[in-house]
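Residues -22 to -1, 1 to 925 in mature numbering (1 follows the signal peptide of the UniProt record, and there is no 0) are what the sequence shown lists, from first letter to last.
C-beta atoms are modelled at their ideal positions from N, C-alpha and C, and glycine is treated no differently.
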Amino acid sequence: MDTYRPHVVLIILILCSDCCLPSQFPTQLMIKEWVDQMQLELVTLADTASAGKSLSQIFLANQNLYTVQSNDAEELVDRAARNIEQLLLKRAAALKTLATAAENFQMEHQWKDEYADGDIVYYNAKDNLEVNETEGRKNRIRPAFKEDPLFKRLTSHNHTAVHIPTDIYDGSTIVLNELNWTEALEDVFKKNREDDPTLLWQVFGSATGLARYYPASPWMDARKTPTKIDLYDVRRRPCVSFYLYEDLSGSVSGLTLKLIRTSVSEMLETLSDDDYVNVVYFNTRVNNTACFDHLVQANVRNKKILKDAIQNILAKGITNYTKGFEFAFEQLYATNITRANCNKIIMLFTDGGEERASAILQRYNADKKVRIFTFSVGQHNYDKGPVQWMACANKGYFYEIPSIGAIRINTQEYLDVLGRPMVLADQQAKQVQWTNVYLDALELGLVITGTLPVFNKTNLTLPLNTLSSNLLCSSTPQIGPNGYYFAIDPNGYVLLHPNLQPKNPKFQEPVTLDFLDAELENDIKVQIRTMMIDGTQGEETIHTLVKTQDERYIDRGVRTYTWAQVNGTDYSLALVLPTYSEHYIEASLGDTISEAMGENLPGPGHSLIFKHTQSPSPNLLSFIEWTENAETYDSSFYKRTLDNEIYIFTAPYFNSYESGILVSKAVDLNINGVNLKPAVVGVKLNVSAWMNSFMNATIKCKDEICGCLKNDKHVDCVILDDGGFLLMSNQDEYITQIGQFFGEVDPPLMTSLVNTSLYSFNKTYDYQSVCDPERDSKAAAGPPSVYVPTIADMLSIGWWASTAAWSIIHQLFYSLIFPSFLEAADSDDDMSANMFKESCITEQTQYFFENEERSYSGVLDCGNCSRMYRAEKLANTNLVFLITDAKSTCLSCDPRPLRQAEQPSHGPDPCELAQNPRYRKGPDLCFDNNVDVSFTDTVFLCICVLF
């Protein structure tokens, strides 16, 4: 008997070892059994706790308390477009009233060379409220300010405020005369306000730099300006196509080369998205400065590429103006870009030369359709005559930039010449224009500004004055949480869109977000954008990818786009509705139905019951911790749940696993053949309770691995959601990482899941982000005089003289509603750039399930070791169960994390984008020439301006 004992013992040991042998992986069938058990328990728990079926029954049983209404998308768009049209017409009427009054007041004004003390009384917006600066100054008043709920700041509706740039003497004769005659505008401002109490800022801007605005409000700004070149430039001028054309012969070196680089960079900052530009340099040959071989849109990204490229060019060889002009003319005439055929300009920056290039100019520009502006840069003894002749003979202007201090004003004066045809066009040019969207730093929201030029009737060759008014942009919640309006301009930029959310209220540029960047682009949306720009009316139902509000997930959805033109404007308005928002429930007696769930209380394994209907009432949220949006109607999970027919499990943010796992599902109703989603119900699962249930479901030893034991050394078991975020694990070290993207928890495995098509991904860019600025060292910084103060840019003589275009007042008004930018001219060398955020591009990758396949398996080969894994999706949920050889068993794979979160990016390659620019529509009017702007007039203007 004893002889058999060892064999019996041996057999027993083999059987036990077989039961727990880590090398034998569970079959896909066994895993499916585990997953089905998990899914059944989770769905049963969610159904029971959230009482979703009960809520459906309540809706069906109480149909007498509500009616089902239809959303007529076409009628809604037409009505909204009419409302916008009427609102803009009302604001335009106020502008025209101001413009007419201003022209009359100016024409009736009698010029005086001297004023006595006390003749001119006004409120200076820059007077310090904390110090009585009006004492001893008879010409100053001190308004009684009150907090204004509409403007969200101190205002006085009894006075206007006057802003005079720091670099202009407020006692000069011209300023005193303008203070005198513009005082009469106060009554016009007040009358406009009486006629329309919703009217916000009203502004008059003078060619001298003086600004008078209503209501009066202090020009407050506690911050100081960093000591670096201000990248913000308020000068705006639409429809300019020009080449910046640099002489980089061997004589251009040292300070002259630095001056040219800085001058060209400053010139680029005078351009807006409506302009087109390229920069070339020449010596014996002609070269493109950057990767662009034609005119490109002067947007922020393209200008940055050009400015960076300028810093890398070197001077050598000899000057050959003929080759340079020939290259520039051929490029200009070859250009066939929408919105790039109005003013054609060539800018020449050089240190001088003997060649006039008269033959090439006669050949290409005999009709003087291309203006030539020339800049003699640096201090030298070369003959300026030939360079000056080029400008004067081609309806341009000649400037000298001998030093760094002459750059700012000389790189904006060219706009005076371009504005003259507009002045002479008079009434034809007097059309109210509406700007791009601006973000109000004073919590007024997104605004657009109406602008209107005011001409000097006594001398049409004088610069312009301007007037401005504005309105707020807002949407409506009447079309459901995932329905929305949006509007675009002829550039394709949105001025109304739920994704138009600039993160930096300090950003010193208008918000220019293209519709195709505001949403996930596809071919049909490209067509919709084109039709909207062309002003057509239409409707299109499409299947599209939808990025969630929190930007972590992507869903597939069906959306109907309905659009129409806003009459009297170049805007187009659209309404987007999901299929479940084509109808809606209108309660007859308030949100009675939402009170029917109060008897449902939390039970074991779940910590929160919530429900939400489309008549918001978060009455069950106060008794426990709730980390999501307090108004669930606006929450990302709520909007996302409506777009899905399954149970949505949402990972907590910031690895806050203690707050639980959110499970939600839309309530589906069918009432008389109409499908509705009037509510979302759900529950929050306790992580610890779910972990025990999770492990218990897998402990079935049938000649295979013995389940997902807690902290098992051989296998890792995890549950991920459809975005690749970790929701559950058998490893304690993973539990603390719940809510984290799995590509950072187990990078090689997540990469393999993507390669096997369990996950697909979509990379998106955010053009509205902010990043920490790059600190420039003191050694690398330019001379302090290079700094161009924002306030001087906005209100200096040069700026006001140069803004003779549609958008003349855009940035002045912007500065009035964003006083955080109204900075003193003096810079503070000790101010840290880190006090500010800079606008930047960020990229983020959203992962999603590639297809409807449920089962996946594979082997992660790491060279000298490997890891086997199997995955199974949980039916009717957004979850996937994954079991794999433990990460600790094979550490030789690439450990670099797979990033999902937002991170700084250069964005798409602008050089490639420039080859296929997006469609834009040209302006209806172009003031590029006028028969009254004679050759003699131009020669008169072509004087040498020394600074």
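In the displayed model, N256 falls within a strand according to three-state DSSP. In this structure, I520 places its C-beta atom within 8 Å of the C-beta atom of Y539. Per DSSP, the unbroken beta strand (DSSP E) holding A139 starts and ends at A139 to H141. Of all C-beta pairs linking the stretch 375 to 385 to the stretch 351 to 366, three or more are shorter than 8 Å, placing the two stretches in contact.
Taking C-alpha positions only, R334 is separated from F327 by approximately 14 Å.
Under the DSSP assignment, V858 falls outside any alpha helix (DSSP H), being part of the beta strand (DSSP E) whose first and last residues are L857 to D863. Three or more beta-carbon pairs separated by less than 8 Å link the stretch 848 to 868 to the stretch 691 to 698, which places the two stretches in contact. Check the Cα spacing between S566 and each of Y897, F167 and Q41: the tightest is with Q41.
The beta-carbon separation of T490 and D251, rounded to 5 Å, stays under the 8 Å limit for a contact. A residue is called buried when at least 16 other Cβ atoms come within 10 angstroms of its Cβ; E850 meets this threshold and is buried. Cβ atoms of L284 and V264 stay farther apart than 8 Å, at about 16 Å. The secondary-structure analysis by DSSP pairs N740 across a beta bridge with Q824. Look at the stretch 263 to 341 and you find these whole runs of alpha helix (DSSP H), each 4 residues long or longer: 278 to 288 and 299 to 312. For N733, the closest C-alpha among the options F826, S550 and A465 is that of F826. Looking at the DSSP output, Q881 shares a beta bridge with E821. By the criterion of a C-beta distance shorter than 7 Å, A194 is surrounded in its chain by Y101, P121, T133, S134, H137, T138 and A139, once the five residues flanking it on both sides are discounted. Runs of the alpha helix (DSSP H) spanning 4 or more residues and lying entirely within the stretch 155 to 201 occur at 163 to 173, in chain order. According to the DSSP secondary-structure assignment, L523 is paired through a beta bridge with R534.
In the three-state DSSP reduction, D839 falls in the strand class (E or B). D329 and I819 have their C-alpha atoms roughly 37 Å apart. For Y712, there is no enclosing beta strand (DSSP E); the residue is found in the alpha helix (DSSP H) stretching over D710 to I713. Closest option to F615, judged by alpha-carbon separation, among N856, N500 and F493: N856. According to the DSSP assignment, T75 belongs to the alpha helix (DSSP H) that extends over A51 to E86. Per DSSP, C695 is one residue of the beta strand (DSSP E) stretching across V693 to D699. Its chain contains S28, F588, V641 and S642 as the residues whose beta carbon lies nearer than 6 Å to that of G660, once the 5 sequence neighbours on both sides are disregarded; these appear in chain order. Burial check for P656: the Cβ neighbour count within 10 Å reaches 16 or more, so the residue is buried. Excluding sequence positions up to five before and after M846, its CB lies within less than 6 Å of the CB of F3, V837 and D863, all in the same chain and listed in chain order.
DSSP places A27 inside the alpha helix (DSSP H), whose first and last residues are Q6 to S28. If you look at R131, you'll find it in the beta strand (DSSP E) that goes R131 to T133. Between the C-alpha atoms of V696 and V544 there is a straight-line separation of about 53 Å. The residue from D750, E831, R341 and T297 with its alpha-carbon nearest to that of Y311 is R341. Taking the C-beta atoms as reference points, K104 is found nearer than 8 Å to W197.
Inclusion of F270 and K301 in the CB contact set at 8 Å is not warranted, their separation being larger than that value. Of D173, R279 and N854, the smallest CA-CA separation from V21 is found for N854. Taking a C-beta distance under 8 Å as the contact criterion, N842 and S870 qualify as a contact pair.
The DSSP-derived three-state label of A344 is coil.
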